[in-house]
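**Q** Sequences listed follow chains A and B, in order. Sequential numbering of the first sequence, starting at 425, is according to the numbering used here. Sequential numbering of the second sequence, starting at 425, is according to the numbering used here. Ideal placement from N, C-alpha and C gives every residue a C-beta, glycine not left out. Computed from a predicted structure; not experimentally measured.
Number of protein chains: 2
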Amino acid sequence: MQIKVAIVEDNAGLCEELQHVLASAADLVCVCVCCNAEDALHAIPKISPDVIIMDIRLPDASGIECTSRLKRLLPEAQILMFTIQDDTEKIVKALEAGASGYLLKDTAPAEIIAAVRDVHNHGAPMSRDVARKLVATFHHPARDTGEPLTLRESEILGLLGEGLLYKEIGDRLTIKLDTVRTHVKNIYRKLHVRSRTQALMNKPRGAQGGPPAPLRQNREW
Amino acid sequence: MQIKVAIVEDNAGLCEELQHVLASAADLVCVCVCCNAEDALHAIPKISPDVIIMDIRLPDASGIECTSRLKRLLPEAQILMFTIQDDTEKIVKALEAGASGYLLKDTAPAEIIAAVRDVHNHGAPMSRDVARKLVATFHHPARDTGEPLTLRESEILGLLGEGLLYKEIGDRLTIKLDTVRTHVKNIYRKLHVRSRTQALMNKPRGAQGGPPAPLRQNREW
DNA sequence: TCGCGTCTCACCCGTTTTGGTGAAGCAAAG
DNA sequence: CTTTGCTTCACCAAAACGGGTGAGACGCGA
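The structure is reproduced here in structure tokens:
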């Protein structure tokens, strides 16, 4: 069974080139070509392709918005961004909109074909620079707010981030509730905050299942 | 100039295997091998390797915590996670801790070598499944089945996320403290949580003090 | 050996949060 | 008009949290 691919790309030259590349792979078939978002939203849902190759910069609307709508209409379709824009914001928004892959336009034909197959097979192909920028969004900007937390304190801050009660933290670490309280008080003093939520804000994105907020020890290591 | 690599891995067999793999590449040199986090934190800063290959499951402490501390001591070092654990939470936490690559232990030797070179060259090598899970963290939730929050409730949830007291929220919205309490209670009931922190964990990521959570109203409008 | 820092625990206090119940005003929908 | 849902507010009570102080045990480094 061939992989049905749709292309959304306003640049005519690039569009033809893409079709050519796809045609060179026996297991890929281009079933639809749209040069703007409106056409794409009308035509693509009727065709239900397996993979959609999407440009970000489109004449009538953003490829991001188009991606979001198409993904809602066709949750099973895998969307592969194909663009010249490699700024972090675009990458993140594209993924949030439902894209699963992100290729830059300098990608070699063979890699494009591989990416289409990969994304169809529930992979997440992306260009090298894109991967690095994506990873960088997780890196915290190295906040240097005051004193460092000790190992124990970092540990407890992590558990605070999970929404546990002091009592539950005590049970988890096999220490008394009062000890937990002592550590928490020290944490708050060091971070210059006065509540659990503020302590967590001082940190990570998401706080979702709060990542630990590990700081350095103040001995040599 | 060779790329100096340190290994933090408790499994002796795997450790040797890794050293062997590294030795097979002329441009890589293994300069340090540690089998626990404490040794790593003592030894590695003195050596300043270019790349650190880090296991997540270590005997004395989490490789996540170790990664975080090493990254602070050696911001220039590129840390490559090498582990059997591929759950989303571990991946995200490792990256937040400062890792730049994430390989699973079924990775072929040639790919390991390529990954070390890549990460040293400021890339972000990761296994296929890891990339997909990472991308999936951006895909909007598929949120909880719970009842939708009203506009007011979303608004208050946002302020809760800023760490404000009920009193402060009341002042901000010009409503009584008791009214804030009522909304909060309804929020907790709808989200099936029993504390501020737990409620925030169910919020969209990245919403630090951002705009009110864009949830839907339940009427048509 | 001494000092320092960490981790542990205890007790004091007041504030904040959470849970439950009830109810009034209001606007939109049926 | 009646029902439904949102917003507003009140009262009672318990649990959890935040701040301060003090202190013993341990390990590590000077």
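(1) For the segment 553 to 633 of chain A, list the alpha helix (DSSP H) runs that are entirely contained and at least 4 residues long, ordered along the chain.
(2) Give me the Cβ distance between A:L528 and A:I508, rounded to the nearest whole Å; I'm assuming they're in contact under 8 Å.
(3) Would you give the residue range spanned by the alpha helix (DSSP H) that B:K470 belongs to?
(4) Would you call the CB atoms of A:S524 and B:V559 closer than 8 Å?
(5) Reducing DSSP to helix, strand and coil, say where B:Q509 ends up.
(6) Could you tell me whether the Cβ atoms of B:S461 and B:E440 are closer together than 8 Å?
(7) Thinking C-beta only, is B:L465 closer than 8 Å to B:L494?
(8) Under a three-way DSSP split, which group does A:W645 fall into?
(9) Can you list, in chain order, the residues of its chain whose CB lies under 7 Å from that of B:V543, leaving out five sequence neighbours each side?
(10) Just to confirm before moving on: does the CB-CB distance between B:G547 and A:R552 stay below 8 Å?
(11) In three-state DSSP terms, what is B:Q426?
(12) Is it buried or exposed for A:H444, if we count other Cβ within 10 angstroms and need 16 for buried?
(13) Does B:I536 come out as helix, strand or coil in the three-state DSSP assignment?
(14) Can you name the start and end residues of the beta strand (DSSP E) that A:G522 belongs to?
(15) Starting from A:L494, follow the alpha helix (DSSP H) in both directions and report where the run begins and ends.
(16) Quick one: is A:L528 near chain B, going by C-beta distance under 8 Å?
(17) Would you kindly report the start and end of the unbroken beta strand (DSSP E) that includes A:L452?
(18) With a threshold of 8 Å between beta carbons, is A:Q622 in contact with chain B?
(19) Round the Cβ separation of A:S578 and B:G587 to the nearest angstrom and send it over; I've been treating them as touching at under 8 Å.
(20) Just tell me which of A:L519, A:Q622, A:E592, A:C456 has its CA closest to the CA of A:V469.
(21) From A:K609, A:L597, A:F506, pick the residue whose C-alpha is nearest to that of A:L442; which is it?
(22) Hey, out of B:G585, B:S472, B:I611, B:I580, whose CA is closest to B:K600's CA?
**A** On the basis of the data shown:
(1) 575 to 585, 590 to 597, 601 to 615, 620 to 625
(2) In the first sequence, residue 528 of chain A corresponds to position 104, counting from 1. In the first sequence, residue 508 of chain A corresponds to position 84, counting from 1. At roughly 7 Å, the Cβ-Cβ gap stays under 8 Å, so A:L528 and A:I508 are in contact.
(3) The count along the second sequence starts at 1 and reaches residue 470 of chain B at position 46. Per DSSP, B:K470 belongs to the alpha helix (DSSP H) from 461 to 471.
(4) Here residue 524 of chain A refers to the residue found at position 100 when the first sequence is read from its first residue. Here residue 559 of chain B refers to the residue found at position 135 when the second sequence is read from its first residue. Yes, Cβ-Cβ distance for A:S524 and B:V559 is below 8 Å.
(5) Your numbering for residue 509 of chain B matches position 85 in the second sequence. Coil, per DSSP.
(6) Against the second sequence, residue 461 of chain B aligns to sequence position 37. Against the second sequence, residue 440 of chain B aligns to sequence position 16. Position check: residue 461 of chain B holds Ala in this sequence, whereas Ser was assumed. Not in contact: B:A461 and B:E440 (Cβ atoms no closer than 8 Å).
(7) Locating residue 494 of chain B in the second sequence gives position 70, where the first residue counts as 1. Locating residue 465 of chain B in the second sequence gives position 41, where the first residue counts as 1. Yes; because the gap between Cβ atoms is below 8 Å, this pair is in contact.
(8) Taking the first residue of the first sequence as 1, we reach residue 645 of chain A at position 221. With a pLDDT of 27 at A:W645, under the threshold of 50, the modelled position of this residue cannot be trusted; read the value that follows with caution. A:W645 falls in the coil class under three-state DSSP.
(9) Locating residue 543 of chain B in the second sequence gives position 119, counting from the first residue. The answer, listed in chain order, is V475, Q502, L504, S524, G525, P549.
(10) Locating residue 547 of chain B in the second sequence gives position 123, where the first residue counts as 1. Locating residue 552 of chain A in the first sequence gives position 128, where the first residue counts as 1. Yes. Within cutoff.
(11) The sequence position of residue 426 of chain B within the second sequence is 2, counting from 1. Correct three-state label for B:Q426: coil.
(12) Along the first sequence, one-based indexing puts residue 444 of chain A at 20. Exposed: under 16 other Cβ atoms inside 10 Å.
(13) Position 112 of the second sequence, counted from the first residue, corresponds to residue 536 of chain B. Assigned with DSSP and collapsed to three states, B:I536 falls in helix.
(14) Along the first sequence, one-based indexing puts residue 522 of chain A at 98. Taken as a continuous stretch (DSSP letters only), A:G522 belongs to no beta strand (DSSP E), as it is neither H nor E.
(15) For the purposes of this step, residue 494 of chain A is taken as residue 70 along the first sequence, with counting starting at 1. 487 to 497 is the span of the alpha helix (DSSP H), which, as asked, contains A:L494.
(16) Counted from its first residue, the first sequence places residue 528 of chain A at position 104. No, A:L528 lies away from the interface with chain B (no Cβ there is under 8 Å from its Cβ).
(17) Along the first sequence, one-based indexing puts residue 452 of chain A at 28. Segment 452 to 458, the beta strand (DSSP E) holding A:L452.
(18) Numbered from 1 along the first sequence, position 198 holds the residue referred to as residue 622 of chain A. Chain B, which has a Cβ nearer than 8 Å to the Cβ of A:Q622, makes this yes.
(19) Working through the first sequence from its first residue, we reach residue 578 of chain A at position 154. Working through the second sequence from its first residue, we reach residue 587 of chain B at position 163. Contact doesn't hold; Cβ gap of about 20 Å is too wide.
(20) Within the first sequence, the letter at position 45 stands for residue 469 of chain A. Inspection of the sequence shows that residue 469 of chain A is occupied by Pro rather than by Val. Answer by Cα proximity: A:C456.
(21) Along the first sequence, read from residue 1 onward, the residue named residue 442 of chain A stands at position 18. A:L442 has its Cα closest to that of A:F506, out of A:K609, A:L597, A:F506.
(22) Working through the second sequence from its first residue, we reach residue 600 of chain B at position 176. It is B:I580 whose Cα lies nearest to the Cα of B:K600.
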